[in-house]
Amino acid sequence: MKRNKIIQIILILSSLFFFTRVVSADAAKLTAVQVKRSSQETVVKLILSDSVKIATKKLQKPDRLLIYLGQTQLVILTKEQDFSDGPLSRISLESYIDNPPVARVSLFFRNMESYQIRPSGHFILIYVRSRRNSALNHSSKVLKVEEYPSPVLDVPGKISMNYHDAEIPNVLRLLSVQNHVNIIAGSDVTGKVTVSLRNVSLREALDTILKANGYNYIVQGNVILVKKTNQDLPGEMVTKVFRLKYVDANNLKNTLEPLKSEKGSIEVFDTFFRKSQNEKQAKPGQMARTKQSSSSKSHSSVLIVSDRPEKVRQITQLITQLDVAVPQIMIESKLVEMSPINEDKLGIDWDKTIKSTLLWQQLLPGGEKQSYSALMPDLKSGQWTLGRLSASEFKVVLDFLRKHTDSKLISNPRITTMDNEEAVISVGTTFPIPQINRGLAGQGDIVTFNYKDVDIKLRVTPHVSENRKIIMWVNPIIEEVTGEVTVDLNRAPITSKRSVSTIVSVKDGETIVIGGMIKNNTVTTTSKVFLLGDIPLVGSFFRHQTKEKKQSDLMIFITPHIVEENQ
Numbered sequence: 002m003k004r005n006k007i008i009q010i011i012l013i014l015s016s017l018f019f020f021t022r023v024v025s026a027d028a029a030k031l032t033a034v035q036v037k038r039s040s041q042e043t044v045v046k047l048i049l050s051d052s053v054k055i056a057t058k059k060l061q062k063p064d065r066l067l068i069y070l071g072q073t074q075l076v077i078l079t080k081e082q083d084f085s086d087g088p089l090s091r092i093s094l095e096s097y098i099d100n101p102p103v104a105r106v107s108l109f110f111r112n113m114e115s116y117q118i119r120p121s122g123h124f125i126l127i128y129v130r131s132r133r134n135s136a137l138n139h140s141s142k143v144l145k146v147e148e149y150p151s152p153v154l155d156v157p158g159k160i161s162m163n164y165h166d167a168e169i170p171n172v173l174r175l176l177s178v179q180n181h182v183n184i185i186a187g188s189d190v191t192g193k194v195t196v197s198l199r200n201v202s203l204r205e206a207l208d209t210i211l212k213a214n215g216y217n218y219i220v221q222g223n224v225i226l227v228k229k230t231n232q233d234l235p236g237e238m239v240t241k242v243f244r245l246k247y248v249d250a251n252n253l254k255n256t257l258e259p260l261k262s263e264k265g266s267i268e269v270f271d272t273f274f275r276k277s278q279n280e281k282q283a284k285p286g287q288m289a290r291t292k293q294s295s296s297s298k299s300h301s302s303v304l305i306v307s308d309r310p311e312k313v314r315q316i317t318q319l320i321t322q323l324d325v326a327v328p329q330i331m332i333e334s335k336l337v338e339m340s341p342i343n344e345d346k347l348g349i350d351w352d353k354t355i356k357s358t359l360l361w362q363q364l365l366p367g368g369e370k371q372s373y374s375a376l377m378p379d380l381k382s383g384q385w386t387l388g389r390l391s392a393s394e395f396k397v398v399l400d401f402l403r404k405h406t407d408s409k410l411i412s413n414p415r416i417t418t419m420d421n422e423e424a425v426i427s428v429g430t431t432f433p434i435p436q437i438n439r440g441l442a443g444q445g446d447i448v449t450f451n452y453k454d455v456d457i458k459l460r461v462t463p464h465v466s467e468n469r470k471i472i473m474w475v476n477p478i479i480e481e482v483t484g485e486v487t488v489d490l491n492r493a494p495i496t497s498k499r500s501v502s503t504i505v506s507v508k509d510g511e512t513i514v515i516g517g518m519i520k521n522n523t524v525t526t527t528s529k530v531f532l533l534g535d536i537p538l539v540g541s542f543f544r545h546q547t548k549e550k551k552q553s554d555l556m557i558f559i560t561p562h563i564v565e566e567n568q
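Going by my numbering, the sequence shown opens with residue 2, and the numbers climb by one from there.
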């Protein structure tokens with residue numbers, strides 16, 4: 002069986018070889034393929050620059066029809082096309098033999114019964130019937146029409162020329178004849194050109210010759226139309242819609258604006274991604290509200306470009322390079338409030354706990370530390386300090402805090418954000434502030450409430466560098482209640498706010514430590530004699546109060562993780 006197939010192919014190629022030796026040396030070109038499909042019938046139209054000799058072979062498993070075109074060059078860039086419905090499933094084009102040139106068209110079918118081939122001048126029509134209906138039905142409704150692009154400028158071979166003071170129309174006529182393309186130039190295309198080109202494509206030759214002399218060209222179907230640069234022609238402008246996967250269309254528009262021509266336009270079709278929030282609202286006055294949000298910027302993903310074909314082609318290439326996947330970063334934070342067991346010391350003694358690298362120091366090979374600048378003075382209440390920990394050092398610090406301090410985990414939020422997008426984590430208390438509106442004409446007073454948020458807010462904007470280090474802009478904002486003010490029985494909290502803004506660089510999984518937010522608290526303890534201490538007026542002789550000042554430190558741990566695409 003295999004031997005018979007080999008013999009058949011040899012016979013087909015032999016007939017094609019014989020034909021190529023008796024025809025002219027100029028090979029025909031397969032310039033386009035058109036497909037019309039319905040549920041019962043498929044019509045494939047091959048468009049060539051000249052009539053050619055053909056040979057066919059029908060194969061099974063899978064059903065396919067092989068069409069060999071003698072003395073034919075393939076100049077179509079798109080070599081394969083798949084179809085989701087109808088009898089035809091795929092078309093494949095290939096240059097089967099280079100010398101003499103033979104092109105092969107392979108038609109793959111889901112349920113082919115029979116076929117007819119009808120050559121007609123420069124066209125070849127292939128009618129294929131489906132097994133669903135054995136009658137050849139030319140009146141069947143066309144469901145879909147598809148066409149391969151005709152790459153007029155992408156002809157095979159290179160061009161070399163050397164002319165002095167040659168008329169531009171004559172040079173264009175020579176290019177048309179040598180490359181078998183249609184070039185039309187109006188009467189206003191005049192002048193002389195001196196050109197010396199070697200091994201360039203047709204596109205490069207036209208760009209060099211025409212644009213250097215104030216002319217341009219457009220491609221309309223299979224025709225190259227030459228015109229003056231400042232002359233507009235109907236159909237010259239093309240429009241292309243880009244559906245972006247990763248980058249924001251608004252940001253990309255600003256980058257592409259310098260590339261468009263004077264009459265070109267780049268528009269953004271607005272589609273928005275609203276910021277995501279995970280918010281748990283507690284009752285007013287309770288410390289149980291945690292809010293996480295990513296950046297609230299709008300994000301558009303559709304870009305509409307209208308311009309000349311060459312400009313649209315340049316913009317398409319740049320969009321392909323810029324619209325790439327953007328890494329995501331998960332920000333894990335721990336807010337820990339700690340009070341020391343030993344009242345004489347507060348905070349972390351970094352030297353005694355671990356040998357960590359602080360941001361203002363570097364560790365020398367001998368074990369000594371060298372400061373980047375003068376040593377910082379001892380921190381006072383409310384001042385900040387920064388440190389950087391590896392994953393193992395972070396575990397040691399948490400274990401130290403659990404054993405040597407009275408620590409309390411306030412919140413442990415996690416949030417994922419895109420590269421260069423801000424993430425906001427907020428933990429705080431909502432205070433109700435009563436407001437009394439005096440009634441008129443004997444009406445009673447109306448009491449309304451305004452609410453004030455007192456938050457510990459953390460704003461982080463991460464960026465992943467090429468070496469997979471994470472550069473973070475960190476902005477913690479600490480707001481706390483320091484007292485209250487009363488006006489006409491209306492009480493309102495007095496708050497203080499502290500914040501710091503810094504940029505740090507860490508590895509994936511390393512932890513940034515922010516500390517030094519020391520708060521002074523006064524704890525009042527009342528001791529009394531049972532029953533006697535509760536007697537009005539006299540009871541004060543049987544009880545006493547002790548006021549004790551305590552300090553607490555708020556530590557913020559920030560750990561970024563790069564989220565891989567397969568996670």
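Note that CB positions come from ideal geometry on N, CA and C, so glycine has one too. Every value quoted in this text rests on a predicted model; they were computed, and no experiment measured them.
Within 9 Å, strictly: CB atoms of residue i and residue j
i	j	result
valine 196	isoleucine 210	yes
threonine 256	serine 307	no
asparagine 476	valine 501	yes
leucine 75	isoleucine 125	no
serine 412	lysine 520	no
lysine 529	glycine 540	yes
valine 327	tyrosine 247	yes
isoleucine 495	glycine 484	yes
arginine 111	leucine 89	yes
methionine 556	isoleucine 513	no
isoleucine 55	isoleucine 118	yes
asparagine 200	lysine 159	yes
asparagine 491	glutamine 444	no
asparagine 180	leucine 203	yes
lysine 409	valine 337	yes
valine 103	valine 34	no
Residue range of the unbroken alpha helix (DSSP H) whose run includes residue i
i	result
arginine 314	310–323
isoleucine 536	Neither: isoleucine 536 is in no alpha helix (DSSP H) and is coded neither H nor E.
asparagine 180	169–180
glutamine 208	Sequence inspection shows aspartate at residue 208; the glutamine mentioned does not correspond to that position. Note, aspartate 208: alpha helix (DSSP H), 203–212.
alanine 250	250–257
Burial state of residue i (16 or more Cβ within 10 Å)
i	result
valine 448	exposed
arginine 22	For arginine 22, the predicted model reports a pLDDT of 39, less than 50, meaning its position is unreliable and no value from the coordinates is stated.
arginine 38	buried
valine 325	exposed
threonine 321	exposed
glutamate 549	exposed
serine 297	Reliability fails at serine 297, whose pLDDT of 45 lies under 50, so the model's placement of it is uncertain and no value is given.
arginine 130	buried
phenylalanine 450	exposed
phenylalanine 270	exposed
valine 45	buried
isoleucine 330	buried
isoleucine 184	buried
threonine 43	buried
glutamate 481	buried
glycine 429	buried
proline 561	buried
valine 178	exposed
lysine 264	exposed
Candidates the options, of which the one nearest residue i by Cα
i	options	result
isoleucine 515	Gln546, Thr527, Ile479	Ile479
tyrosine 116	Leu60, Pro561, Glu81, Ile536	Leu60
valine 220	Arg309, Pro433, Lys470	Arg309
valine 455	Ala493, Asn251, Gln318, Lys58	Ala493
leucine 319	Ile267, Glu333, Ala424, Leu260	Leu260
aspartate 249	Met339, Glu422, Val486	Glu422
valine 505	Gly517, His464, Asn100, Phe109	His464
Span of the beta strand (DSSP E), counted from its first residue to its last, around residue i
i	result
proline 561	544–564
leucine 226	224–229
proline 435	424–438
alanine 326	Where alanine 326 is concerned, there is no enclosing beta strand (DSSP E), given that its DSSP letter is neither H nor E.
methionine 419	415–419
proline 101	It is not in any beta strand (DSSP E) - proline 101 carries neither H nor E in the DSSP assignment.
arginine 130	124–131
serine 266	266–270
glutamine 117	113–121
serine 188	Run containing serine 188: none; DSSP gives neither H nor E here.
tyrosine 247	Segment: none, tyrosine 247 is in no beta strand (DSSP E) and carries neither H nor E.
Write down every uninterrupted run of the beta strand (DSSP E) in the stretch 18–90 whose length is 3 residues or greater and which is fully enclosed by it, in chain order. Qualifying beta strand (DSSP E) stretches, in chain order: 29–38, 42–49, 55–60, 65–71, 73–75, 81–83.
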